[in-house]
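Trainee: After the structure tokens below, expect a handful of questions from me.
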Amino acid sequence: MSTPSEKPKPAPVQGVGPDYRSESQKPTATVSTDVDFETVTVLPQTPQLIALLSMIRDRNTERGDFIFYSNRIIRLLVEEGLNHLPTVEHTVTTPVGSKYDGLSFQGKICGVSIMRAGEAMEQGLRDCCRSVRIGKILIQRDEETAQPKLFYDKLPEDIAQRWVLLLDPMFATGGSAIMAVQVLISRGVPEDHILFINLIASPEGIKNFATKFPKLRVVTAFIDQGLDEKNYIIPGLGDFGDRYYTM
Amino acid sequence: MAGPTAAGESQVTERTTIAQRAHYSPPWADVSIIGIAGSSGSGKSTLSQAIVQKLNLPWVVILSIDSFYKSLSPEESKKAFRNEYDFDSPAAIDFDVLVERLRDLKAGKRAEIPVYSFEKHARLERTTDIYSPHVLILEGIFALYDPRVLELMDMKIFCEADADTCLSRRIIRDVRDRGRDVEGIIKQWFAFVKPNFEKYVDPQRKVADIIVPRGVENQVAMSMVGQFIEQKLLEKSTHHRAALTELEIGAHSEPLSSKVLVLEQTKQLRGMNSIIHNIDTSNEDFIFYFNRITTLLVEQALNNIPFTSAKVETPTGNKYNGLRPQGEVSAVIVLRGGAALETGLKRVIHDCKTGRMLIQNNIRTGEPELHYLVLPKDIDKHEAVLLLDAQMSSGGSALMAVQVLVDHGVQMDRIVLVTYSGGRMGLHRLTKVFPDITAVVGNLVQDGEERWVERRYFRC
Numbered sequence: 002m003s004t005p006s007e008k009p010k011p012a013p014v015q016g017v018g019p020d021y022r023s024e025s026q027k028p029t030a031t032v033s034t035d036v037d038f039e040t041v042t043v044l045p046q047t048p049q050l051i052a053l054l055s056m057i058r059d060r061n062t063e064r065g066d067f068i069f070y071s072n073r074i075i076r077l078l079v080e081e082g083l084n085h086l087p088t089v090e091h092t093v094t095t096p097v098g099s100k101y102d103g104l105s106f107q108g109k110i111c112g113v114s115i116m117r118a119g120e121a122m123e124q125g126l127r128d129c130c131r132s133v134r135i136g137k138i139l140i141q142r143d144e145e146t147a148q149p150k151l152f153y154d155k156l157p158e159d160i161a162q163r164w165v166l167l168l169d170p171m172f173a174t175g176g177s178a179i180m181a182v183q184v185l186i187s188r189g190v191p192e193d194h195i196l197f198i199n200l201i202a203s204p205e206g207i208k209n210f211a212t213k214f215p216k217l218r219v220v221t222a223f224i225d226q227g228l229d230e231k232n233y234i235i236p237g238l239g240d241f242g243d244r245y246y247t248m
Numbered sequence: 201m202a203g204p205t206a207a208g209e210s211q212v213t214e215r216t217t218i219a220q221r222a223h224y225s226p227p228w229a230d231v232s233i234i235g236i237a238g239s240s241g242s243g244k245s246t247l248s249q250a251i252v253q254k255l256n257l258p259w260v261v262i263l264s265i266d267s268f269y270k271s272l273s274p275e276e277s278k279k280a281f282r283n284e285y286d287f288d289s290p291a292a293i294d295f296d297v298l299v300e301r302l303r304d305l306k307a308g309k310r311a312e313i314p315v316y317s318f319e320k321h322a323r324l325e326r327t328t329d330i331y332s333p334h335v336l337i338l339e340g341i342f343a344l345y346d347p348r349v350l351e352l353m354d355m356k357i358f359c360e361a362d363a364d365t366c367l368s369r370r371i372i373r374d375v376r377d378r379g380r381d382v383e384g385i386i387k388q389w390f391a392f393v394k395p396n397f398e399k400y401v402d403p404q405r406k407v408a409d410i411i412v413p414r415g416v417e418n419q420v421a422m423s424m425v426g427q428f429i430e431q432k433l434l435e436k437s438t439h440h441r442a443a444l445t446e447l448e449i450g451a452h453s454e455p456l457s458s459k460v461l462v463l464e465q466t467k468q469l470r471g472m473n474s475i476i477h478n479i480d481t482s483n484e485d486f487i488f489y490f491n492r493i494t495t496l497l498v499e500q501a502l503n504n505i506p507f508t509s510a511k512v513e514t515p516t517g518n519k520y521n522g523l524r525p526q527g528e529v530s531a532v533i534v535l536r537g538g539a540a541l542e543t544g545l546k547r548v549i550h551d552c553k554t555g556r557m558l559i560q561n562n563i564r565t566g567e568p569e570l571h572y573l574v575l576p577k578d579i580d581k582h583e584a585v586l587l588l589d590a591q592m593s594s595g596g597s598a599l600m601a602v603q604v605l606v607d608h609g610v611q612m613d614r615i616v617l618v619t620y621s622g623g624r625m626g627l628h629r630l631t632k633v634f635p636d637i638t639a640v641v642g643n644l645v646q647d648g649e650e651r652w653v654e655r656r657y658f659r660c
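Shown next as structure tokens:
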């Protein structure tokens, strides 16, 4: 897919740390590129998140650590994603007999992972939602046309009545994610009931996606600098599926 | 001040913070020392053990002067094996080290006590730690000998017994416990023990407050000493509680420190909190959601550890300017509640070194008491120490827990307290005393909340 390629802007560098530290006490690091879409949520650029991303980007990080640290980020992503689900006011009685004014969760959810890398995010989803239903979609690039092509899907029957957490860690041009969303919409899932949970995105992909699906919510940990000529995210982290499963 | 201050600069900042810092004095800050001296075999250790056993409190401990025997030179050692070395003269005792350790304990610090081997006639490599006694019983033939030691004492006891009783007890003990033979013991007795007794031991009775004849058989003396110690313990407890109450003053009017961070009350968090607070929630759900929240708490806590810039290269050869933690992060669990956060901790740092301390509130007085303590040896070198507890209401045990870490050389600004719920007054009190620590709190709650979370989590 050819995107009108903007020149990658220099990545933003800033001091990272808690508010009570002065700027001089904060170590500097490259943080997520800003995008201006109301539907896109980028995780707070905390020092811990930056350190986790540094771990999984580093080519010297071994597979065990790669899995452990990416799971930690994915859990934070899922926790943030779940915040966008509906709730109602709910008061409960506590074990010590007092009242607690809280919320209760509304609506049923399910996960859908885009194979294969998206499946690596299922653990993180299950850490937060124990027995959640998880559908799968296999999309591969057609060798002849270089276009993404749907090869397989298996989704919950009642998916149209559910909120869907769509899982894919790397979001470059967004070709397969767009196709996956189209599959979900064709099964009756309203666009505003889809949450796209993503680890690292490119600004081009985000822009493309947010323009195409203005009601769909994206939750990502980091928007990188851009894409290279082969449409890989820069700096990115290499092939997520390979590093998680086979390398 | 606690903790090594390396640079002059840090001493300056320390001085400026002292002005606004409230002072917390743990019950072990001014340990009461009771000296028990007397001839060898006069029943000193039996008496001290009987007292300690009767009180049965972990903060009444016995320190034997025997631990402070000087290590012998090869020449002296040979003499010792021939029973020709004079162990019963004050010159055999390293009073300088003893005084130093007693002063440390008096200042509330941890003291490393040497271990002396009677079989080898040498100090061993390893040491044992004494930390946080409220009352220390120092026993030994020369417990009342050194004027510097006497100065530190609250009560001085001299044990008396017939010389033949002493000798027979000594024979039994040295054969049984110290691997000696009878002939050697008797040789030693007449060459050293007896003359030294007359010269150095016996004169100590002049400085004693009480002289106890017949050792443990002397019930009146036993209960007198017992009562004295109980009185001291009560004084300390009253003082400690008064100090805690005093720290409450002003807690309501002032805003919380900027280093108290309460988790953002997102919809998810409020929803999970509702499940956790609901008395009708199943045990499985309670544990599941509590683990989820504590994972977030620990993640949030780690934002407060020191990081440093780090350049990494991705598998595709791109560079990224990131961060990495500056050094090791360990955790200390305040039992029992803190153990409920352990699952969350392990999800974030799976191989985290973990210390443990048991602090319980006295049922009668409500005073927090330190019952048990094991910390990683190198804890003072760690870049950050997470201190975990499930709930904190008045902050008494948190104060004590932080004090314990500070006493073990952990710098205040490296301590991150992590708690599921915290009372405003407790948090205020804690940060007033330890302004440089960070506190990460799941929920800000009313003061004086019961400790219901651990009951629910551990289901008993």
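Residue numbers (our numbering), protein chains in the order written: chain A, 2 to 248; chain B, 201 to 660.
Quick reminder that beta carbons are idealized off the backbone N, C-alpha and C, glycines included.
Excluding the 5 residues flanking Ala-531/B on each side, which residues of the same chain have their C-beta closer than 8 Å to its C-beta?
Mentor: The residue you call residue 531/B lines up with position 331 of the second sequence. The answer, listed in chain order, is Leu-545, Ile-549, Cys-552, Lys-553, Thr-554, Gly-555, Val-585, Leu-586, Leu-587 and Leu-588.
Trainee: Less than 8 Å between C-beta atoms, sequence neighbours within five positions excluded: which residues of the same chain meet that for His-85/A?
Mentor: In the first sequence, residue 85/A corresponds to position 84, counting from 1. By the criterion of a C-beta distance shorter than 8 Å, His-85/A is surrounded in its chain by Thr-42, Leu-196, Arg-218 and Val-220, once the five residues flanking it on both sides are discounted.
Trainee: Just the Cα atoms here: how many angstroms apart are Leu-336/B and Thr-508/B?
Mentor: Here residue 336/B refers to the residue found at position 136 of the second sequence. Here residue 508/B refers to the residue found at position 308 of the second sequence. So the two alpha carbons sit approximately 45 Å from each other.
Trainee: List the residues of chain B whose Cβ lies closer than 7 Å to the Cβ of His-91/A, in chain order.
Mentor: Indexing the first sequence from 1 puts residue 91/A at position 90. Correct list: Ser-474.
Trainee: Can you tell me whether Gln-404/B is helix, strand or coil according to DSSP?
Mentor: As a first step, residue 404/B is located in the second sequence; it is residue number 204 there, counting from the start. Correct three-state label for Gln-404/B: helix.
Trainee: Please work out which residues of its chain come closer than 7 Å, Cβ to Cβ, to Arg-380/B, disregarding the five sequence neighbours upstream and downstream, and give them in chain order.
Mentor: As a first step, residue 380/B must be located in the second sequence, where it is residue number 180. Asp-374.
Trainee: Look at Gly-125/A and Ile-179/A and say whether their C-beta atoms are less than 7 Å apart.
Mentor: Your numbering for residue 125/A matches position 124 in the first sequence. Your numbering for residue 179/A matches position 178 in the first sequence. No, the pair does not count as a contact, with Cβ atoms beyond the cut-off.
Trainee: Mind checking which residues open and close the alpha helix (DSSP H) that includes Gln-427/B?
Mentor: Translated into the one-based positions of the second sequence, residue 427/B becomes position 227. Taken as a continuous stretch (DSSP letters only), the alpha helix (DSSP H) holding Gln-427/B covers 419-448.
Trainee: Give me whichever residues DSSP pairs with Lys-320/B in a beta bridge.
Mentor: Translated into positions along the second sequence, residue 320/B becomes position 120. For Lys-320/B, which the question treats as bridged, DSSP gives no partner whatsoever.
Trainee: Based on DSSP bridge pairs, tell me the residues matched to Pro-568/B.
Mentor: As a first step, residue 568/B must be located in the second sequence, where it is residue number 368. Asn-561/B, per the DSSP bridge assignment.
Trainee: Quick one: what does DSSP say Met-612/B is sitting in, helix, strand or coil?
Mentor: Locating residue 612/B in the second sequence gives position 412, where the first residue counts as 1. Three-state DSSP puts Met-612/B in a helix.
Trainee: Alpha carbons only, please: which of Ser-597/B, Asn-491/B and Leu-575/B is nearest the one belonging to Tyr-657/B?
Mentor: Here residue 657/B corresponds to residue number 457 of the second sequence, with the count starting at 1. The candidate whose alpha carbon is nearest that of Tyr-657/B is Asn-491/B.
Trainee: Quick check on the burial criterion: 16 or more other C-beta atoms within 10 angstroms. Buried or exposed for Met-171/A?
Mentor: Here residue 171/A refers to the residue found at position 170 when the first sequence is read from its first residue. So Met-171/A ends up on the buried side.
Trainee: Once DSSP output is grouped into helix, strand and coil, what is the label at Ile-411/B?
Mentor: Position 211 of the second sequence, counting from 1, holds the residue named residue 411/B. Three-state result, Ile-411/B: strand.
Trainee: Expressed to the nearest angstrom, what Euclidean distance is found between the alpha-carbon atoms of Glu-542/B and Arg-73/A?
Mentor: Residue 542/B sits at position 342 when you count from the first residue of the second sequence. Residue 73/A sits at position 72 when you count from the first residue of the first sequence. Their backbone Cα atoms lie some 16 Å apart in a straight line.
Trainee: CB Ile-235/A to CB Asp-229/A, shorter than 7 Å?
Mentor: For the purposes of this step, residue 235/A is taken as the residue at position 234 of the first sequence. For the purposes of this step, residue 229/A is taken as the residue at position 228 of the first sequence. Going by C-beta atoms, Ile-235/A is nearer than 7 Å to Asp-229/A.
Trainee: Is DSSP giving Val-640/B helix, strand or coil here?
Mentor: By 1-based counting over the second sequence, the position of residue 640/B is 440. When secondary structure is reduced to three states using DSSP, Val-640/B falls in the strand class.
Trainee: Chain A beta carbons: is any one of them nearer than 7 Å to that of Gly-243/B?
Mentor: Counted from its first residue, the second sequence places residue 243/B at position 43. Not closer than 7 Å to any Cβ of chain A, the Cβ of Gly-243/B fails to qualify, so no.
Trainee: Less than 7 Å between C-beta atoms, sequence neighbours within five positions excluded: which residues of the same chain meet that for Pro-87/A?
Mentor: Looking up residue 87/A in the first sequence gives position 86. So the qualifying residues of the chain are Gln-107 and Gly-108.
Trainee: Identify the residues that DSSP records as bridge partners of Gln-591/B: which are they?
Mentor: Taking the second sequence and counting its residues from 1, the one referred to as residue 591/B is at position 391. In the DSSP output, where bridge partners are listed per residue, Gln-591/B has Ser-621/B.
Trainee: What does Glu-499/B touch in chain A if you count any residue whose Cβ is under 7 Å from its own?
Mentor: For the purposes of this step, residue 499/B is taken as residue 299 along the second sequence, with counting starting at 1. Simply Gln-49 and Leu-77.
Trainee: Do Val-416/B and Ala-540/B come within 7 Å of each other at the CB atom, strictly closer than that value?
Mentor: By one-based count along the second sequence, residue 540/B stands at place 340. By one-based count along the second sequence, residue 416/B stands at place 216. Contact: no.
Trainee: Can you give me the Cβ contacts of Phe-428/B inside the same chain, cut-off strictly under 7 Å, excluding the 5 residues immediately before and after it?
Mentor: As a first step, residue 428/B must be located in the second sequence, where it is residue number 228. Here the set comprises Met-355.
Trainee: Which value, in whole angstroms, describes the spacing of the CA atoms of Lys-100/A and Thr-94/A?
Mentor: Here residue 100/A refers to the residue found at position 99 of the first sequence. Here residue 94/A refers to the residue found at position 93 of the first sequence. Taken atom to atom, the span from the alpha-carbon of Lys-100/A to that of Thr-94/A is near 5 Å.
Trainee: Report the residues of the stretch 503-516 of chain B with a CB closer than 7 Å to any CB of chain A, ordered along the chain.
Mentor: Asn-503, Asn-504, Phe-507, Thr-508, Ser-509, Ala-510, Val-512, Glu-513, Thr-514, Pro-515 and Thr-516
Trainee: Just the chain B side, please: which residues come within less than 9 Å of Ala-1/A by C-beta, in chain order?
Mentor: Missing from the structure shown is residue 1/A; chain A here goes from 2 to 248 and no further.
Trainee: To be precise: take each residue of the stretch 92-113 of chain A, compare its Cβ to all Cβ atoms of chain B, and keep it if any distance is under 7 Å. Which residues remain?
Mentor: Val-93, Thr-94, Thr-95, Pro-96, Val-97, Tyr-101, Gly-103, Leu-104, Ser-105 and Phe-106
Trainee: Which one or two residues does DSSP pair with Gln-15/A in a beta bridge?
Mentor: Here residue 15/A is taken as the residue at index 14 of the first sequence, counted from 1. In the DSSP assignment, the residues bridged to Gln-15/A are Ala-30/A.
Trainee: For my contact list, Arg-188/A and Ala-161/A are in at a C-beta cut-off of 8 Å; report their separation, rounded to the angstrom.
Mentor: Reading the first sequence from its first residue, position 187 is the one you call residue 188/A. Reading the first sequence from its first residue, position 160 is the one you call residue 161/A. So it is a contact: roughly 6 Å between Cβ atoms.
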